[in-house]
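Following: one structure in C-alpha cells, then a few remarks.
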Ligand code: ADP
Ligand code: MG
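In our numbering, the protein residues as written are 1 to 263.
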C-alpha cells in the first residue's frame, strides 16, 4: 500500500542513542545523548531544533541521517527503516552542512574538486557535464568561476560556508541537516548565509532540519520548532506557538535569555 501523501519524509520513533564516556583510569559511564525521541519532518518543511550545548541536537541530526545508529528505536525515511549501511542512492539524498566549514573542507582540495568529488562518487555525467553542474552550483550559492581553482584557505569564512552548502546541495538532496551553519561565522555575514539557505530551500523545496542554539535564527528560517533538553524533545509545534506561546518551562527559560523576537 503506498503511504498517504501527508506522510513524513523523515521520522524518529522512540529513538535513543547512548554513548560511553570516560576511560579505564577514571571509570566508565554512559550518557543518553538522545533519549526516546519521536518526531516527524514533513516533505518540504524546515524544522528548527533548538536547545543548549550538549542537549543532543547534533546527535539527533546524525541519527536522522543514518550517520549514527540508534541504540533503541527506529528512524524511517519515507516509511522505511534506515539500515545501518545506507545504500548509495539513499546516501545521496541525505546531506549535512556543518558548523565549521574549514573543518568540513579538505585543505588540499580546490573548490572545483570539493564539488566534483560527490558528483564523481555518485557517477554523475562525464567530466564536462560535471563541470557545468559545478559552475551552476557555484552561481546558486553566490560564488563565481574565479573561485573554482581556489583552496579553502584562500576564501573568507562566508565563502567557505557557501562552498559547503554548494557541496551538500550539488546532488539535489531531499533532506538536509544544517547543524549550526552560521554559528561559527562573523555576525555581519550570518544574515547573508541564512538568506542564501532560505532562498535555496524555497527554490529547491528540500526538507531541512535546522539546528541552532540561537532562537532568532530559528525564528527566521523554521516552519516548526522542536526544543531539546537533556536528550529529550520537551516541546514541538508551529514556530509561532513554540517561540511566542511556549508551553514548557524550559522553552520559556530559553526565550527569557534571548532578546525579544520579531513575529
Ligand atoms: P549538542 O549538539 O546539542 O551540543 P551533542 O549531540 O553534540 O549535543 O552531544 C550530546 C551529549 O552526547 C553530550 O553530553 C556529548 O558529550 C555526548 N556525545 C556526543 N557525541 C559523542 C560521542 N561520539 N562519544 C561520546 N559522547 C558523545
Ligand atoms: Mg551540536
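Glycine included, every Cβ here is placed at the ideal spot set by N, Cα and C.
C-alpha distance - residue i paired with residue j, whole-angstrom precision
i	j	result
residue 79	residue 8	8 Å
residue 184	residue 140	22 Å
residue 127	residue 91	22 Å
residue 187	residue 95	25 Å
residue 27	residue 17	20 Å
residue 113	residue 37	38 Å
residue 23	residue 43	42 Å
residue 103	residue 153	11 Å
residue 148	residue 111	5 Å
residue 164	residue 32	30 Å
residue 25	residue 19	18 Å
residue 245	residue 55	22 Å
residue 175	residue 208	6 Å
Residue i at chain D interface by Cβ criterion, 8 Å
i	result
residue 181	Any reference to chain D falls outside this structure, which holds one protein chain only.
Sequence-distant residues of its chain with Cβ nearer than 8 Å to residue i (five each side left out)
i	result
residue 240	263
residue 173	92, 93, 94, 95, 206
residue 39	11, 12, 47, 226, 233, 236
residue 107	151, 152, 153
residue 86	66, 94
residue 145	135, 138
Own chain, CB closer than 6 Å to residue i, minus 5 neighbours either side, in chain order
i	result
residue 62	68
For residue i, the first and last residue of its enclosing beta strand (DSSP E)
i	result
residue 77	72 to 77
residue 94	94 to 97
residue 22	10 to 23
residue 28	27 to 41
residue 170	Careful: residue 170 lies outside any beta strand (DSSP E) and carries neither H nor E.
Residue span of the alpha helix (DSSP H) that contains residue i, given as start and end
i	result
residue 241	239 to 244
residue 203	187 to 204
residue 263	Residue 263 -> no alpha helix (DSSP H), and no H or E assigned at all.
Residues bridged to residue i [DSSP beta-bridge criterion]
i	result
residue 106	DSSP lists no partner for residue 106.
residue 137	In DSSP, residue 137 forms no bridge with anything.
residue 124	In DSSP, residue 124 forms no bridge with anything.
residue 221	Paired residues: none, contrary to the question.
Nonlocal neighbours in the same chain, by C-beta distance under 7 Å from residue i, ignoring five residues either side
i	result
residue 4	Residue placement at residue 4 is poorly supported in this model, since its pLDDT is 46, which falls under 50; the coordinates still yield a value, given next. The answer is none, since no qualifying residue turns up.
residue 99	179, 180, 181, 183, 184
residue 70	15, 16, 17, 63
What residues does the ligand ADP have around it, judged by CB closer than 6 Å to any heavy atom, in chain order? That query returns the following residues: 19, 21, 31, 33, 51, 53, 54, 55, 56, 57, 58, 59.
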